[in-house]
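A.B. asks: Handing you a structure now.
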Amino acid sequence: MKMTTAAHGGNYGELAKQHGLTKEIVLDFSANINPLGVPASLKTKIAENLDKLTEYPEPDYLALRARIASFHQLEISNVIPGNGATELIFGIAKVTQAQKVLILAPTFAEYERAFCGAEVIYAELSKENHFAAFETVFEIIKREADLEAVCLCNPNNPTGQLISQKEMIQIAKLCEERNIYLIIDEAFIDFLEASEHVSMVHYLAEFSHLVIIRAFTKFFAIPGLRLGYLLTKNQMIQEALLQIREPWSINTFADIAGQCLLDDEKYIEQTYRWLSIERAYLYDGLKKFPELTVYKPSVNYIFFHLEEKCDLRTELLLKKIFIRSCANYRGLSERYYRVAVKNRSDNQQLLQALEVIFSGS
Ligand SMILES: Cc1ncc(COP(=O)(O)O)c(C=O)c1O
């Protein structure tokens, strides 16, 4: 069958079925979604607004854009909302029409699909260099003529490695000098408690070629609702994106979600509390296995290399646990895996299952 979408972590239903398991009984560590689930404040808001489904959403999403703009201390015109971050990744590829693009390897697969038809230069990240991206990216931008866009994922998926703000400013300066669009996908950055020290949002005014993509999806656990946004001070990009977008691509509930979630301080605080405890617990637990090389996580997922030959994903699936094999990421082999940080009992189950597998019992 012809594949029409990229393979992603969350699509585990088919594999579970092959092993005679139903999706519901499998513990899913492959999708990096906040385990606190849909915020209660959003459930209430949606319930209160069910009758709004009889109306079309507001076509310009001005209230939504205003809330996001004030959150980031930007202007409404700087915010373009989208049906998930994915719509904006494809949108920016379309409006820049970049013919030569730098993309990390490994990274999230949709950039390459969005820029299909363009020449892609891969910034190949290596195990030896702990998958750090800055130097490789910087060298390629300096070296390659005719580069039209640089597309970075920060923190990178699946490695979790960060390009620091200081490094990103150097990249942004170089891109600005050379008229290269710098597109930074910050879909996971909200999981960093002090994200303002990494994010480039406060540098938008300095760099007219800078474009930032963010998502409500991961942090607020709403992949099914679809809501993301793009930030830029570049007027040409703003106008072109508004021009090409299909009307009403953000549904009424996503519009409502974007206006209320940023105010849910209780959920935001609970998320940081859960993450700081459980990430340390899972990271320390994984590091104890000599069979694994575990990379220090920055957000809500952990990337590791398996030092021995074993189909760990299948072994774990037989124990009703599903993890993300990174074999289909460019530049990675079947020895690489990524797991989401979940709640204590789930994390414990994963560590116990690994203990059983590695001890051979
Ligand atoms: C790095 C990254 N960016 C964007 C997305 C897509 O986000 P959304 O569901 O909001 O389209 C994903 C989804 O896995 C992702 O990993």
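Each step along the sequence shown adds one to the number in full-length UniProt numbering, with nothing skipped, and position 258 is 258. Ideal Cβ placement from N, Cα and C applies to all residues, glycine included.
Quick check on the DSSP output: what are the complete beta strand (DSSP E) runs of length 3 or more inside the region 131-180, in order along the chain?
C.D. replies: 149-153
A.B. asks: If we ignore side chains and look at the alpha-carbon of each, how far apart do Glu112 and Leu182 end up?
C.D. replies: If I take the Cα positions, the gap works out to 15 angstroms.
A.B. asks: Exposed or buried, which one is Gly116 when buried takes at least 16 other CB atoms within 10 Å?
C.D. replies: Note that residue 116 corresponds to Cys in the displayed sequence, not to Gly. So Cys116 counts as exposed.
A.B. asks: Give a yes or no on whether the C-beta atoms belonging to Tyr301 and Asn32 are separated by under 8 angstroms.
C.D. replies: yes
A.B. asks: Given that a residue counts as buried once 16 or more other Cβ atoms are within 10 Å of its Cβ, and exposed if not, what is Thr54?
C.D. replies: exposed
A.B. asks: State yes or no: is the C-beta of Ile252 nearer than 7 angstroms to some heavy atom of ligand 1?
C.D. replies: According to the sequence as given, residue 252 is Thr; it is not Ile. Thr252 Cβ: outside cutoff for every heavy atom of ligand 1.
A.B. asks: Is it the case that the CB of Phe188 approaches a heavy atom of ligand 1 more closely than 7 angstroms?
C.D. replies: yes
A.B. asks: Could you name the residues of the same chain whose beta carbon sits closer than 8 angstroms to that of Ile76, not counting the 5 residues immediately before and after it, in chain order?
C.D. replies: Leu62, Arg65, Ala66 and Ala69
A.B. asks: So, with DSSP's three-state summary, where would you put Ala123?
C.D. replies: strand
A.B. asks: Excluding the five sequence neighbours on either side, which residues of its own chain have a C-beta within less than 6 angstroms of the C-beta of Phe134, listed in chain order?
C.D. replies: Excluding sequence neighbours, Phe134 sits near Ile163 and Glu167.
A.B. asks: Could you pull out every residue in the same chain whose Cβ sits closer than 7 angstroms to the Cβ of Leu261, ignoring the five residues on either side in sequence?
C.D. replies: Only Pro39, Leu42, Phe216 and Phe220 meet the Cβ criterion.
A.B. asks: Per DSSP, what kind of secondary structure is Lys17 in: helix, strand or coil?
C.D. replies: Shown here, Lys17 sits in a helix according to DSSP, grouped into three states.
A.B. asks: Could you tell me the alpha carbon to alpha carbon distance between Ala93 and Ser126, rounded to whole angstroms?
C.D. replies: Note on geometry: alpha-carbon atoms of Ala93 and Ser126 lie some 27 angstroms from one another.
A.B. asks: Closest by CA to Val101, which one among Glu119, Ala85 and Ala109?
C.D. replies: Glu119
A.B. asks: Using DSSP bridges, identify the partner residues of Leu27.
C.D. replies: Ile321
A.B. asks: Let me check understanding here. Comparing Cα to Cα, which of Ile212, Tyr56 and Leu21 lies closest to Ala254?
C.D. replies: Tyr56
A.B. asks: By the three-class DSSP mapping on this structure, what secondary structure does Tyr329 have?
C.D. replies: Tyr329 falls in the coil class under three-state DSSP.
A.B. asks: Please name the residue in Ala132, Leu227, Glu176 and Phe188 whose C-alpha comes closest to that of Tyr203.
C.D. replies: Glu176
A.B. asks: Is any heavy atom in ligand 1 found nearer than 7 angstroms to the beta carbon of Cys151?
C.D. replies: no
A.B. asks: Phe303 and Gly160 look like a contact to me (Cβ under 8 angstroms); what is the Cβ gap, rounded to whole Å?
C.D. replies: Between the beta-carbon of Phe303 and that of Gly160 there is about 5 angstroms, and that keeps the pair under the 8 angstroms contact cut.
A.B. asks: Which word fits Ser298, buried or exposed, when buried means at least 16 other C-beta atoms lie within 10 angstroms of its C-beta?
C.D. replies: buried
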